[in-house]
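Let me begin by presenting the structure, written as structure tokens, before commenting on it.
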Amino acid sequence: MLNVENKVIVITGASSGIGEAAAKLLAKNGAKVVLGARRTEKLEKIVEDIHNEGGTAEFKAVDVANREDMKAFIHFAKEKFGRVDVIFNNAGVMPLSPMNALKVEEWDSMINVNIHGVLNGIAAGLPIMEAQGGGQFINTASIAAHMVGPTSAVYSATKYAVWAISDGLRQESKNIRVTIISPGVVETELGSDITDEPAKGFLKELRKTALTADAIARAVLYAVSQPDDVDVNEIIVRPTASAL
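If you're matching positions, the sequence shown starts at 12 in our numbering and goes up one per residue.
Below, the structure written as structure tokens:
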């Protein structure tokens, strides 16, 4: 596809779900993908699958909440392929719960992964992109960035932060594209860390009408594939039958 072939694309949260689907689709379209997550055994299998399909892929363990770890991951991609064209800040967690449950450690986890993870990706990649004269950040927000529901107050706050950070970066950038991907309900591992039983049941009910990760991967491919002077700023992707 136009403007995808040979691009070096770094993906966090790549061991399953949206990250895995995007890595496979982008590699199929000629991109050189670099996968990052904490579960290296899963990354190794995905990279093997990409290689078997004739694609180019590498992987490295990364904790996106750790600034130095994220910097090492982005520089690993640059050392392997000489540049970094796209950083897909996709890693996220979603332990939903009502505020009065006071699951403060889970609040901290969402802030560290969902907000600091994106900021760490920007901090690591922005100097590289500015030095090479261009690039693109794709940040995974959510429909939760546009609405708040019971149990999602902190999660929505983190995803609104991703939206705000992304749009601020877009406004400051002349040759770096910034895209926000806001998925609706998707059938992935996101939410597997929910410890509040009513919230877990609520999510299970929502997922009776859910997208596959491939639907979001196609949105990522669309944003990457545009000409360099076209910046797709936000894509919201919902199931057709879903009101949320």
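For every residue, glycine included, the Cβ atom is placed at its ideal position computed from N, Cα and C.
Between the alpha carbons of residue i and residue j, how many angstroms are there, rounded?
| i | j | result |
| --- | --- | --- |
| residue 143 | residue 228 | 26 Å |
| residue 214 | residue 236 | 33 Å |
| residue 82 | residue 89 | 11 Å |
| residue 122 | residue 105 | 10 Å |
| residue 168 | residue 76 | 17 Å |
| residue 6 | residue 166 | With the chain represented from 12 up to 255, any question about residue 6 goes unanswered, as that position is not in the structure. |
| residue 249 | residue 178 | 21 Å |
| residue 252 | residue 220 | 7 Å |
| residue 189 | residue 113 | 34 Å |
| residue 170 | residue 152 | 5 Å |
| residue 156 | residue 191 | 10 Å |
| residue 141 | residue 148 | 12 Å |
| residue 60 | residue 67 | 10 Å |
| residue 162 | residue 91 | 42 Å |
| residue 242 | residue 234 | 8 Å |
CB residue i to CB residue j, shorter than 8 Å?
| i | j | result |
| --- | --- | --- |
| residue 204 | residue 108 | no |
| residue 55 | residue 39 | no |
| residue 98 | residue 132 | yes |
| residue 17 | residue 47 | no |
| residue 173 | residue 244 | no |
| residue 20 | residue 96 | yes |
| residue 255 | residue 217 | yes |
| residue 85 | residue 135 | yes |
| residue 100 | residue 128 | yes |
Report the option in the options whose CA atom is closest to the CA atom of residue i.
| i | options | result |
| --- | --- | --- |
| residue 28 | 39, 86, 88, 103 | 103 |
| residue 78 | 110, 130, 100 | 130 |
| residue 43 | 247, 72, 93 | 93 |
| residue 73 | 53, 67, 234, 244 | 53 |
| residue 223 | 175, 21, 194 | 194 |
| residue 230 | 34, 45, 187, 26 | 34 |
| residue 115 | 13, 137, 164, 80 | 164 |
Give the range of the alpha helix (DSSP H) segment to which residue i is assigned.
| i | result |
| --- | --- |
| residue 215 | 208–217 |
| residue 147 | Per DSSP, residue 147 belongs to no alpha helix (DSSP H); it is in the beta strand (DSSP E), 146–151. |
| residue 231 | 224–236 |
| residue 162 | Looking at the DSSP string, residue 162 is not in any alpha helix (DSSP H), and its letter there is neither H nor E. |
Go to residue i, then tell me how far its beta strand (DSSP E) extends in each direction, as first and last residue.
| i | result |
| --- | --- |
| residue 43 | 43–48 |
| residue 191 | 187–194 |
task: Entirely within the stretch 54–93 and at least 4 residues each: give me those alpha helix (DSSP H) ranges in chain order.
output: Taking only runs of at least 4 residues, the alpha helix (DSSP H) segments lying wholly in the stretch 54–93 are 78–92.
query: Counting only runs that start and end within the stretch 107–150, where is the alpha helix (DSSP H) found for 4 or more residues in a row?
result: Counting whole runs of 4 or more residues, the stretch 107–150 contains the alpha helix (DSSP H) stretches 115–121, 128–143.
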